[in-house]
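The structure appears right after this line, and notes come after that.
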Amino acid sequence: MPAAAAAPLISSVQKLVLYETRARYFLVGSNPAETKYRVLKIDRTEPKDLVIIDDKHVYTQQEVRELLGRLDLGNRTKIGQKGSSGLSRAVSAFGIVGFVRFLEGYYIVLITKRRKMADIGGHAVYKIEDTNMIYIPNDSVRVTHPDEARYLRIFQNVDLSSNFYFSYSYDLSHSLQYNLTILRMPLETLKTETTQTRQESFDIFEDEGLSTQRGSGVFGICSKPYEKYVWNGKLLEAVKNTVHRDWLLYIIHGFCGQSKLLIYGRPIYVTLIARRSSKFAGTRFLKRGANCEGDVANEVETEQILYDASVMSFSAGSYSSYVQVRGSVPLYWSQDISTMMPKPPITLDQADPFAHVAALHFDQMLQRFGSPIIILNLVKEREKRKHERILSEELVAAVMYLNQFLPPEHAIIYIPWDMAKYTKSKLCNVLDRLNVIAESVVKKTGFFVNRPDSYCSVLRPDEKWNELGGCVVSTGRLQTGVLRTNCVDCLDRTNTAQFMVGKCALAYQLYSLGLIDKPNLQFDTDAVRLFEELYEDHGDTLSLQYGGSQLVHRVKTYRKIAPWTQHSKDIMQTLSRYYSNAFSDADRQESINLFLGVFKPMEGKPHLWELPTDFYLHHKNTLSLSQTRRSYTYWWTTGVLKHLPLPFDEVTCAENRRKLTVKKFHKYEEEIDIHNEFFRPYELSSFDETFCLAMTNSTRDFMPKNVGIDPSPFTVRKPDETGKSVLGNKSNREETVLQRKTAASAPPPPSEEAVSSSSEDDSGTDKEDEGAVSQRSTPVKVTDAGDNTKITENVVQSTRDIYGVNLSDVPSEDDITIYARFVQLGQSQHKQDKSNQQFCSKHQLDRVINLIPISSFSQDNIYEVQPPRADRKSIEIFHAHIQAGKGNMQPLGKDDFFMYREYIRNRYL
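Residue numbers for the sequence shown follow full-length UniProt numbering, so the first one is 1 and each next one is one higher.
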């Protein structure tokens, strides 16, 4: 890494052990190598207060052992007694979710099991698999309350093992564009922030030793998380100002999936991350529209990240991302579910002539994404009885009002399109129309890539590439603005529309990295099938969280290629969604309100289950009047308009610098060494446990298994040529539900019929935890006796399946003559004697590899091997390759440019 570079800070608390005495809990946290330790002391004698002491010292392994030994000795009942231990080990963990209190004392929630789900530039993203909730106060001081158990049961209804994610080194609450932008801050700004952080730091050991090497160092940067997408912010509120930042582990809720796209052996990782908003969160019919602060229901930010996995560094690698948003219509509206109707009528709860709530919502989007904000409204426009059209009319009026005061170049763009109407029409192709919309959207917003345009793109630019929007900077391109898609529920129609926009953006991302010659991707290619499966997993997961069932209508439904069994499965999903909305959503909503801290139990106040509605909990203006009133005309935050089209959150200013923690480290410190964090040289590992080999692979899982097929993932395949149809395995219902619950990033390949299914679209094999068996080989299904005929048919293959052509029984005379001449040429080329050839080849082999036996035992022997020597030119090429991986590219000479121009002229001109 070059001098004075910047890197993300890596948490030094990744392994935790909770030790217990009668008076205290001792939480010992260490780095993965177990060379640095921190200790938290939690008092157990306070019945209702949380007393935590961070001693701010970094211990070595020997110091921690001595400390625990003294604690064990000092807490024994009798001094010198060996039978009873004064310090007992309670639980091992990987992180702290937070601390929570109901009516008695505090609980601590620990992550006890995790699973790696994605890898972004060497930064691991984990999914919570299991948690442990431990009551802190001792039984001797515990003050019992009759309703404590019920609150505990409601809190635990939020299944933390279902789609909650965290990372020790990568900020999941922010986009990749934001995370890489702060790493490219000017050097003078980083030096200023380092000085300020040293003065305000309470840890005297963090900057120790930097004074000797001030010139050569690396700036470690950590940003304040974006609170909207953090789900344990309230749980950490009691301790975030008293403990070191490494103890704070922020989690997001939504979806995370990753697959590997192999392009002739070059690994390209395609990652999909969905962040669900923790503001105004809830279930389908109980959370509609927006609250008084501009937060909308079912708001999810979806980001697709594409990068070349052969280079891991953020500074030297090639990374690209595209962000889009879904969310309910930003108005005051709701649906009454007491009538038990499948489609309850839509009612507007409050009149908002000045679009106050929409202004708050779009102001948040301008700060985070910049301009233009593009609204794709998919609700119905023509109805016999007004239902969905009520929302369209109000949204159009709100957008027209707000656009009066914005500059024309930054106005909100509104695109209405009745997707349901086009779906019913036999003359219209829904996806073709969506593709046209996607092209226009991506051209307006652009996308993020951290490298400048390649020389071939400058020399021979594509027509669509020159029309691309966004912001072009010296280090690449920035996405400015965002697409906001909505229907009524923001589930089925929205997911298909987002897939089409993501597919269009994926083509531009691949083109920007130099992987395809034109920014265009066709359906039925391995790359699009891989991307479609990621989006269907993404849509199913989000639909389960908000609607209570998986997707009803999928991409294949709108392509009209779904099998006939799809209709019955769609009916089952509709019934499942209706049952969940009618009977279980109320309990889920209470759990979400308690988990997010929207409702706080208090003595003498009504309990959570006694409230007739939670409207007053989510709309704070109903309980207290705001002291300041926002302008009806200047509805945006001060300073936002000045920096448009760039997002205000990514601009280098004093307000944004206060959100950063910047510290200077030595070059090989563990806090910024991502190589050490990724490869873990101190741990014994095996290929079977390697995450990159277990994830979904385009070559293994999607490419046809027949020899002679074009291995390019951008070649259009026939429906029966996909690699998934070769497996022929069908998943049962129980395994599917389990896999949907875990939402693994590397699902085994299902059959083609199962992909279009709404309830059985994963394979029946189990997904793996850390240390599980690899899925590199194609899974083999154990079949019954009735399936033997099918197996026999697959074993006996034709010559066309094996060689790619049909071989004739008898070659023609011309072919035999040509082959005879070829054999004669080969014989005349090699006129040496056979024995002489064998002697020479053996003699040459002995000179290259000299095997000298070391042991005297012939049956169990080892040999001393002298490796072949490399010439000087090969060594220079290898050193140049290593330097290129570090980002130190050698300048091109005149001969290189002349050779490249000659190649272009001969190849294309």
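Note that the Cβ used here is the ideal one computed from N, Cα and C, for glycine as well.
Per-residue DSSP class, three states only, for residue i
i           : result
residue 782 : With a pLDDT of 36 at residue 782, under the threshold of 50, the predicted position of this residue should be treated as unreliable, and no value is reported.
residue 303 : strand
residue 555 : helix
residue 225 : coil
residue 35  : coil
residue 91  : strand
residue 490 : coil
residue 414 : strand
residue 650 : helix
residue 458 : helix
residue 308 : strand
residue 471 : strand
residue 7   : strand
residue 117 : strand
residue 408 : helix
residue 709 : coil
residue 130 : strand
residue 346 : strand
residue 869 : coil
residue 377 : strand
residue 74  : helix
Residue i, buried or exposed, once every other Cβ within 10 Å from all chains shown has been counted against 16
i           : result
residue 279 : buried
residue 143 : exposed
residue 318 : buried
residue 388 : buried
residue 472 : exposed
residue 474 : exposed
residue 456 : exposed
residue 615 : exposed
residue 365 : buried
residue 57  : exposed
Test item: CB-CB of residue i and residue j under 7 Å
i           : j           : result
residue 13  : residue 29  : yes
residue 451 : residue 481 : no
residue 273 : residue 256 : yes
residue 87  : residue 21  : yes
residue 314 : residue 121 : yes
residue 484 : residue 323 : no
residue 161 : residue 129 : yes
residue 394 : residue 331 : yes
residue 617 : residue 598 : yes
residue 95  : residue 111 : yes
residue 438 : residue 500 : yes
residue 932 : residue 230 : The requested residue 932 is not part of the displayed model; the chain covers only 1 to 909.
residue 235 : residue 100 : yes
Residue span of the alpha helix (DSSP H) that contains residue i, given as start and end
i           : result
residue 335 : First-last for residue 335: 333 to 335, but that is the beta strand (DSSP E), not the alpha helix (DSSP H).
residue 529 : 526 to 547
residue 442 : 430 to 445
residue 585 : 585 to 595
residue 641 : 640 to 643
Span of the beta strand (DSSP E), counted from its first residue to its last, around residue i
i           : result
residue 911 : Nothing can be reported for residue 911, as the shown portion of the chain is limited to 1 through 909.
residue 258 : 252 to 263
residue 883 : It is not in any beta strand (DSSP E) - residue 883 instead sits in the alpha helix (DSSP H) that spans 872 to 885.
residue 323 : 319 to 326
residue 275 : 266 to 276
Whole-angstrom C-beta distance between residue j and residue i, which should lie under 8 Å
i           : j           : result
residue 916 : residue 434 : Look at the range of the chain in this structure, 1 to 909, and you will see that residue 916 is not part of it.
residue 717 : residue 524 : 5 Å
residue 355 : residue 401 : 5 Å
residue 327 : residue 303 : The Cβ separation is near 15 Å, so there is no contact.
residue 595 : residue 155 : 6 Å
residue 321 : residue 266 : So it is not a contact: roughly 19 Å between Cβ atoms.
residue 151 : residue 134 : The pair is not a contact, with the Cβ atoms about 16 Å apart (cut-off 8 Å).
residue 530 : residue 712 : Going by Cβ atoms, the distance from residue 530 to residue 712 rounds to 13 Å, so no, they are not a contact pair.
residue 511 : residue 33  : At roughly 41 Å, the Cβ-Cβ gap does not stay under 8 Å, so residue 511 and residue 33 are not in contact.
residue 329 : residue 486 : 6 Å
residue 367 : residue 640 : 6 Å
Heavy atom of the ligand GDP within 6 Å of residue i beta-carbon
i           : result
residue 377 : Only the bare structure without any ligand can be found here, which leaves the ligand GDP out of the picture.
Cutoff 7 Å: residue i Cβ touching any chain C Cβ
i           : result
residue 652 : Checking the listed chains, one finds no chain C in this structure; it contains a single protein chain.
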